[in-house]
Amino acid sequence: LFVHSAFRDFLSLGEITPSSHFSAKGVVKHGRISTAKRILEIGPGMGPFTKEILRVSPATAEIVVIDKNPDFIEFLKKDIPDTRLVVICGDIITIPSEELGVFDSIISSIPLSLLECTQKVSFSQKIHRLLKPGGVFTKAQYSLSSTKYFKESGFGPIKWNLEIRNIPPIFIYSCQKNL
Numbered sequence: 005l006f007v008h009s010a011f012r013d014f015l016s017l018g019e020i021t022p023s024s025h026f027s028a029k030g031v032v033k034h035g036r037i038s039t040a041k042r043i044l045e046i047g048p049g050m051g052p053f054t055k056e057i058l059r060v061s062p063a064t065a066e067i068v069v070i071d072k073n074p075d076f077i078e079f080l081k082k083d084i085p086d087t088r089l090v091v092i093c094g095d096i097i098t099i100p101s102e103e104l105g106v107f108d109s110i111i112s113s114i115p116l117s118l119l120e121c122t123q124k125v126s127f128s129q130k131i132h133r134l135l136k137p138g139g140v141f142t143k144a145q146y147s148l149s150s151t152k153y154f155k156e157s158g159f160g161p162i163k164w165n166l167e168i169r170n171i172p173p174i175f176i177y178s179c180q181k182n183l
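In this text, residue positions in the sequence shown follow the numbering used here: the first is 5, and each later residue adds one.
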């Protein structure tokens, strides 16, 4: 399914291989998932981060995942039968913020480097609206070029590291919404 989707729509997927469990563990650690009550994952794909989020998050947490690819959505519904998981097919930018509510932690691996500048601005502003004050946004990305959009949207300092046990190596960065 992953390979088929990568060939069919690489610009939407932005990856040549699924994320490693090392990158999933890094994202979850940066996202403070173990204490979060509401978690949003944008672009879960086949769920490598989703599975780690579910493994680490509290038993009472609500995990919302949003993906534009209906094949991935169907896969997640069948592959991960967890009652804490809410699976939505759609585009994070077009779903009204009021319908989603606010989150303690937001995780994304969508390929921001492939988006137009205006889309990056819209994305970072939407993330800011969806996070509670003090909430954390965590991103897995092959470049740090998009971090400036989060700085400009009112987030605090960006912390990052490079996960070399991913093919190809990937940056994991996080920033907190100011209180």
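We put the CB at the ideal spot given by N, CA and C, even for glycine.
Cut-off 7 Å between Cβ atoms - residues of its own chain near Asn170, not counting five sequence neighbours on either side: Ser23, Ser24, Phe26 and Ser27
Inter-residue spacing [alpha-carbon to alpha-carbon] between Phe175 and Ser147: 6 Å
CA-to-CA distance, Gln129 to Leu15, given in whole angstroms: Low confidence applies here, because Leu15 scores a pLDDT of 46, under 50, leaving its location unreliable and the question unanswered by this model.
Helix, strand or coil at Ser109 according to DSSP, with G and I counted as helix: strand
Candidates Ile97, Arg59 and Pro85: closest to Asp3 by CA position: This structure cannot settle anything about residue 3, because the visible part of the chain is limited to 5 through 183.
Ser101 vs Leu135 beta-carbon contact at 7 Å: no
Integer Cβ distance of Val132 from Ser109, believed to fall under 8 Å: The identity of residue 132 in the sequence shown is His, whereas the question assumes Val. With 8 Å as the limit, His132 and Ser109 do not qualify as a contact, their Cβ atoms being about 14 Å apart.
Own chain residues within Cβ distance below 8 Å of Phe107, not counting five before or after: Ala40, Arg42, Ile43, Leu44, Val68, Leu134, Leu135, Lys136 and Gly139
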